[in-house]
Amino acid sequence: DGGITQSPKYLFRKEGQNVTLSCEQNLNHDAMYWYRQDPGQGLRLIYYSQIVNDFQKGDIAEGYSVSREKKESFPLTVTSAQKNPTAFYLCASRTLQRGLWNQPQHFGDGTRLSIL
Amino acid sequence: AQSVTQLDSQVPVFEEAPVELRCNYSSSVSVYLFWYVQYPNQGLQLLLKYLSGSTLVKGINGFEAEFNKSQTSFHLRKPSVHISDTAEYFCAVTRANTNAGKSTFGDGTTLTVKP
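In order, the protein sequence lines correspond to chains A and B. When the letters of the first sequence are read in order and numbered with this note's numbering, they come out as residues 143 to 258. When the letters of the second sequence are read in order and numbered with this note's numbering, they come out as residues 9 to 123.
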């Protein structure tokens, strides 16, 4: 079955450490997204990418970095500059094929990041 | 720019009672509208979507929603809820007829179904 796989499910970060969250999709989707979810604040967009080797900042990109070297993969690095990284991180993807622009985003099951 | 407001952050309801989760949106262009459900420690799953045409759309698990263009609303309803419907629900909009695929999400409504 096609879908989005996020790993790990739980991740702990030490002070001053960078950590990388993995997101892989086998849906052949063009666009991929990273969201941060905090209680009562809904989903906030961190970064998104519509094509390989290109990505754009979302609303809360500071302290995060991404890469898109392959269509299937969109890893997110939470850097030491992100002072409050504790949150639930969701990866999503969507097709951008003409005629299918009305299709919804598909989501992974998330990674919960905590500070040690 | 577009925005989504979910009018209730928490909705408690007894089992087998009807429920309505309210969503208003704002946009200067045509949009597609979506409702998603999120169970604890999971991602979002699509419940239903409005693209065009009939304003009443039916989704999975017995949910339905009605698009009201004049009131810019897209309220979610279920005539009789079950304990298993306890979850967080998100309303979202995406600009229509474009491949600029960013969505805007509401802050979510936590539905708690009590026995």
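Ideal placement from N, C-alpha and C gives every residue a C-beta, glycine not left out.
- Going along chain B in order, which residues have a C-beta closer than 7 Å to the C-beta of A/P246? Numbered from its first residue, the first sequence carries residue 246 of chain A at position 104. Think of a sphere of 7 Å around the beta carbon of A/P246: the chain B residues whose beta carbon falls inside it are F42, L54, K57, in chain order.
- Query: At what residues does the beta strand (DSSP E) containing A/D196 begin and finish?
  - Reply: Residue mapping note: residue 196 of chain A aligns to position 54 of the first sequence, counting from 1. Run containing A/D196: 196-199, per the beta strand (DSSP E) assignment.
- Task: Alpha carbon to alpha carbon, how far is A/Q192 from A/K212? Give it in angstroms, no decimals.
- Result: Working through the first sequence from its first residue, we reach residue 212 of chain A at position 70. Working through the first sequence from its first residue, we reach residue 192 of chain A at position 50. Rounded to whole angstroms, A/K212 to A/Q192 spans 12 Å at the Cα level.
- Reference B/F113, options B/E24, B/G70, B/V45, closest by Cα: The count along the second sequence starts at 1 and reaches residue 113 of chain B at position 105. Considering only alpha carbons, the answer is B/V45.
- Does DSSP classify A/S235 as helix, strand or coil? One-based indexing of the first sequence puts residue 235 of chain A at position 93. Note: A/S235 maps to strand in three-state DSSP.
- Where does A/R210 land, buried or exposed, given buried means 16+ other C-beta within 10 angstroms? Your numbering for residue 210 of chain A matches position 68 in the first sequence. A/R210 is buried by the Cβ-count criterion.
- With which residues is A/F249 paired in a DSSP beta bridge? As a first step, residue 249 of chain A is located in the first sequence; it is residue number 107 there, counting from the start. Note: A/F249 sits in a beta bridge opposite A/A234.
- Under three-state DSSP, which class holds A/S215? Counting from 1 along the first sequence, the entry for residue 215 of chain A is found at position 73. Strand.
- When you compare each of B/L84, B/A25, B/S34 to B/V65 by their alpha carbons, which one comes out closest? Along the second sequence, one-based indexing puts residue 65 of chain B at 57. Answer by Cα proximity: B/L84.
- Within chain A, partners of B/D115 - CB distance below 7 Å: Taking the first residue of the second sequence as 1, we reach residue 115 of chain B at position 107. Here the neighbours are G182, Q183, G184.
- Status (buried if at least 16 other CB within 10 Å, exposed otherwise) for B/G116: Counting from one through the second sequence, the residue named residue 116 of chain B turns up at place 108. B/G116 is buried by the Cβ-count criterion.
- Query: Would you say A/G250 faces chain B, with C-beta separation under 8 Å as the test?
  - Reply: Position 108 of the first sequence, counted from the start, is the residue given in the question as residue 250 of chain A. Closer than 8 Å to some Cβ of chain B, the Cβ of A/G250 qualifies, so yes.
- Item | Limits of the beta strand (DSSP E) - the one that B/A100 falls within | Residue numbering aside, residue 100 of chain B sits at position 92 when the second sequence is read from its first letter. Where B/A100 is concerned, the enclosing beta strand (DSSP E) stretches over 95-103.
- Query: Would you call the stretch 241-257 of chain A and the stretch 16-28 of chain B in contact, with 3 or more CB pairs under 8 Å?
  - Reply: no
- Nearest chain A C-beta to B/F82 closer than 8 Å, yes or no? For the purposes of this step, residue 82 of chain B is identified with residue 74 of the second sequence, where counting begins at 1. With 8 Å as the cut-off, B/F82 does not count as an interface residue toward chain A.
- Query: So what's B/S92 in DSSP terms, helix, strand or just coil?
  - Reply: What you label residue 92 of chain B is simply residue 84 of the second sequence in a count that begins at 1. Three-state DSSP puts B/S92 in a helix.
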